[in-house]
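Visitor: Okay, here's the structure, questions in a sec.
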Ligand code: UT7
């Protein structure tokens, strides 16, 4: 069985930069508070009228350009997002339509911050069993249209940004290179800790006047609880992933963690005894882009020449659900 590897990477970030000082003008917060608690300096916001699938389209075009391929070369699409264009159908089909292709299968993955790693694991399995040769995995988020720009929502609003990252997964000709393993977890007991319950399928109608009240219209989060469980689970799942590959922490060249909070990643590095500069971060400039954060980070470290052929890379994510996971690859 051939290993699967990431053949190409691409990204898209909306042009509009929104700094902490811009947010200070909208509600009571401060650049100092945001930077101290999260590390974030600025994030990108898409304009009104833009869809999540539009961001994904641009990231896909970039990924295809880098691969020297055309949309027709894609033979399956996996789309990870928590900010879909509409309730149904899934956003994968909208991306497919915008790419001008038909027939290839589209799968939507709804695993929030871990969405990219769940999707990558599925792509890896499809490629390894020989079912598909060019699987497009896109993580795309359009958070900024669904955030509460008032005092009540400030804890969540300051953290999130828009963006999209895409990778093409296909067979690796070199058996030593590629995705080595994926380790996926979830614990539904924490499902209410970070959620957006804009509709309720048990009710008729599913969107009532009550659901449109402010407390339902925007995401809700018990931030401290997310933080506490994240800093415990992230090191655990990294150790699980390393053990599965007979690797030690010292063997890893780069850790590419989901970008939820700079402090979470710093805590995780400390708990693992890893030098902070092995944990790469770009949350300072993009905020938390949920399913897009890991492919955006891969693209950034490639662009900067940090990620090199043969490097051992550990990707890790934790978020709403709770869902979490880690994947190991040799680049
Ligand atoms: O991908 C997963 C997504 N989510 C996460 O990873 C979130 C994980 N959690 C966190 O990152 C942190 O819990 C936060 C950054 C969200 C919050 O930090 P915290 O240290 O847990 O703060 P807190 O919620 O306990 O709030 C402390 C204070 C409160 O004021 P009082 O009650 O002490 O007077 C808040 O009202 O900070 C206040 N506060 C703010 N102040 C300025 C909350 N949000 C803001 C804000 N600006 N945006």
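Residue numbers (the working numbering): 861 to 1191.
All residues carry an ideal CB built from backbone N, CA and C; glycine is no exception.
Keep in mind the model is a prediction, meaning the values are calculated, not measured.
I need the DSSP call for residue 979, collapsed to helix, strand or coil.
Guide: Three-state DSSP puts residue 979 in a helix.
Visitor: When DSSP builds the beta bridges, which residues end up paired with residue 937?
Guide: In DSSP, residue 937 forms a bridge with 966, 996.
Visitor: Alpha carbon to alpha carbon, what distance is there between residue 883 and residue 894?
Guide: Whole-angstrom Cα-Cα distance: 10 Å.
Visitor: Once you ignore the five residues that flank residue 1082 on each side, which residues in its own chain have a CB closer than 7 Å to its CB?
Guide: Closer than 7 Å at Cβ, skipping near neighbours: 1053.
Visitor: With 16 as the cutoff for other CB atoms within 10 Å, does residue 871 come out buried or exposed?
Guide: By the 10 Å Cβ count, residue 871 comes out buried.
Visitor: Does the pairing of the stretch 1162 to 1178 with the stretch 902 to 921 give three or more beta-carbon distances under 8 Å?
Guide: Contact between the stretch 1162 to 1178 and the stretch 902 to 921 is absent, because fewer than three Cβ pairs lie under 8 Å.
Visitor: For a minimum of 3 consecutive residues, which ranges assigned as the beta strand (DSSP E) are wholly contained in the stretch 1012 to 1050?
Guide: Taking only runs of at least 3 residues, the beta strand (DSSP E) segments lying wholly in the stretch 1012 to 1050 are 1023 to 1031, 1038 to 1046.
Visitor: Quick one: Cα of residue 1011 to Cα of residue 1079, how far?
Guide: Each residue's Cα considered, the two are about 14 Å apart.
Visitor: For residue 957, does the three-state DSSP call read helix, strand or coil?
Guide: Residue 957: helix per DSSP, three-state reduction.
Visitor: Can you tell me the Cα-Cα spacing of residue 1044 and residue 974, whole angstroms?
Guide: Roughly 9 Å between the two C-alpha positions.
Visitor: Smallest Cα separation from residue 1077: which of 1189, 1013, 930, 937?
Guide: For residue 1077, the nearest C-alpha among the options comes from 1013.
Visitor: Does the distance from the C-beta atom of residue 1191 to that of residue 1037 stay below 8 Å?
Guide: Their beta carbons are under 8 Å apart, which means residue 1191 touches residue 1037 by this criterion.
Visitor: Which residues mark the beginning and the end of the alpha helix (DSSP H) in which residue 881 is found?
Guide: Residue 881 -> alpha helix (DSSP H) spans 880 to 884.
Visitor: Determine the extent of the beta strand (DSSP E) in which residue 893 is found, giving its start and end residues.
Guide: Taken as a continuous stretch (DSSP letters only), residue 893 belongs to no beta strand (DSSP E), being part of the alpha helix (DSSP H) at 891 to 898.
Visitor: I'd like the list of long-range same chain contacts for residue 890, defined as Cβ closer than 7 Å, with 5 residues on each side in sequence excluded.
Guide: Same-chain partners within the cutoff: 884.
Visitor: Suppose the cutoff is 8 Å on Cβ atoms and the five residues either side in sequence are ignored; what does the same chain contact list for residue 1129 look like?
Guide: Counting only Cβ-Cβ distances below 8 Å, and skipping sequence neighbours, we find 1115, 1135, 1136, 1138, 1139.
Visitor: By the DSSP assignment, the alpha helix (DSSP H) with residue 864 in it spans what residues?
Guide: Where residue 864 is concerned, there is no enclosing alpha helix (DSSP H), although the beta strand (DSSP E) it sits in stretches over 864 to 872.
Visitor: Report the three-state DSSP secondary structure of residue 821 (helix, strand or coil).
Guide: With the chain represented from 861 up to 1191, any question about residue 821 goes unanswered, as that position is not in the structure.
Visitor: Within its chain, find whatever has a CB closer than 6 Å to the CB of residue 886; leave out the 5 residues flanking it on each side and keep chain order.
Guide: Excluding residues within five positions, the ones whose Cβ falls inside 6 Å are 1009.
Visitor: Nearest-angstrom Cα distance between residue 1051 and residue 1156?
Guide: Roughly 26 Å between the two C-alpha positions.
Visitor: Could you please give the first and the last residue of the uninterrupted beta strand (DSSP E) stretch that includes residue 1194?
Guide: Within the shown structure, residues of the chain are numbered from 861 to 1191, placing residue 1194 beyond reach of any answer.
Visitor: Quick one: give me the first and last residue of the beta strand (DSSP E) that residue 1006 is part of.
Guide: Neither: residue 1006 is in no beta strand (DSSP E) and is coded neither H nor E.
Visitor: Any heavy atom of the ligand UT7 closer than 7 Å to the beta-carbon of residue 1081?
Guide: Yes, the beta carbon of residue 1081 sits closer than 7 Å to at least one heavy atom of the ligand UT7.
Visitor: Using only the heavy atoms of the ligand UT7, determine whether one of them is closer than 7 Å to the beta carbon of residue 1179.
Guide: Because some heavy atom of the ligand UT7 lies under 7 Å away, the Cβ of residue 1179 counts as near it: yes.
Visitor: Can you confirm whether residue 1098, when its beta carbon is compared against all beta carbons of chain B, has any partner nearer than 8 Å?
Guide: No chain B is present in this structure, which holds just one protein chain.
Visitor: What's the call for residue 876, buried or exposed, on a 16-neighbour Cβ count within 10 Å?
Guide: It is exposed - the Cβ of residue 876 has fewer than 16 other Cβ atoms within 10 Å.
Visitor: Does at least one heavy atom of the ligand UT7 sit under 7 Å from the Cβ of residue 1084?
Guide: Within the cutoff, so yes.
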